[in-house]
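This is the structure in structure tokens:
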């Protein structure tokens, strides 16, 4: 009974978060340079088969800035992690459900390019386009945007693992199906096999 109640509370919180634009889907190709606009919309209409982009908005806190007055470089990966959790919750399932279904994600590789510095109190839209769905891995190319300006971008490769043994495992079919609408036009989808 407690588990059912927890699930109801999680669903209510998810609806509240979505209604406040804490995380939403933005059509690809809107705004300058193909970036989505800084005003987050909640519709995936008009994507034209190019994939949807999940966007999570964060406000920069004073403690996240360094001596130069910009967001400390390491915090961009924290921003990414928060956005990934919310993306997963909206597109696939919550963290507890993921582990309960017999899989987890680990970061195998992360790269960030810094282009401009976000500052205290800026609203950062973390865009989460999926670049690749492999047999055992996925690649996300996050973009960190403030007011339509690209602050940083990168690439993060995740590997699917068994929660207990931490050994590599195939991406579940239902997860692949849930992530497919978010795949970039140039992204690749692997069917079955090994290595990717």
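Numbering (my numbering), first residue to last: 3 to 198. Note that the Cβ used here is the ideal one computed from N, Cα and C, for glycine as well. Source: prediction; values computed, not measured.
* Asked: Using DSSP with H/G/I as helix, E/B as strand and the rest coil, what is residue 132?
  -> strand
* Contact check, residue 131 vs residue 142, beta carbons under 8 Å -> yes
* alpha helix (DSSP H) containing residue 87: first to last residue? -> 77-93
* To do: Leaving aside the five residues before and after residue 86 along the sequence, list all residues of the same chain whose C-beta is less than 6 Å from its C-beta, in chain order.
  => Within the same chain, and ignoring the five residues on either side of residue 86 in sequence, no residue has its Cβ closer than 6 Å to its Cβ.
* What span of residues does the alpha helix (DSSP H) with residue 103 cover, start to end? -> Looking at the DSSP string, residue 103 is not in any alpha helix (DSSP H), and its letter there is neither H nor E.
* To do: Would you list the residues sitting across from residue 112 in a DSSP beta bridge?
  => Bridge partners of residue 112: 158.
* Asked: Leaving out five residues before and five after residue 111 in sequence, what residues of the same chain have Cβ atoms less than 8 Å from its Cβ?
  -> 157, 158, 159
* Asked: Using DSSP with H/G/I as helix, E/B as strand and the rest coil, what is residue 171?
  -> In the structure shown, residue 171 sits in coil (DSSP, three-state: anything other than H, G, I, E or B).
* **Distance, residue 99 Cα to residue 169 Cα** => 19 Å
* Which first and last residues belong to the beta strand (DSSP E) in which residue 141 is found? -> 139-142
* In whole angstroms, what separates the C-alpha of residue 186 from that of residue 113? -> 18 Å
* Does the distance from the CB of residue 121 to the CB of residue 72 come in under 8 Å? -> yes
* Beta carbon of residue 174 nearer than 8 Å to that of residue 78 -> no
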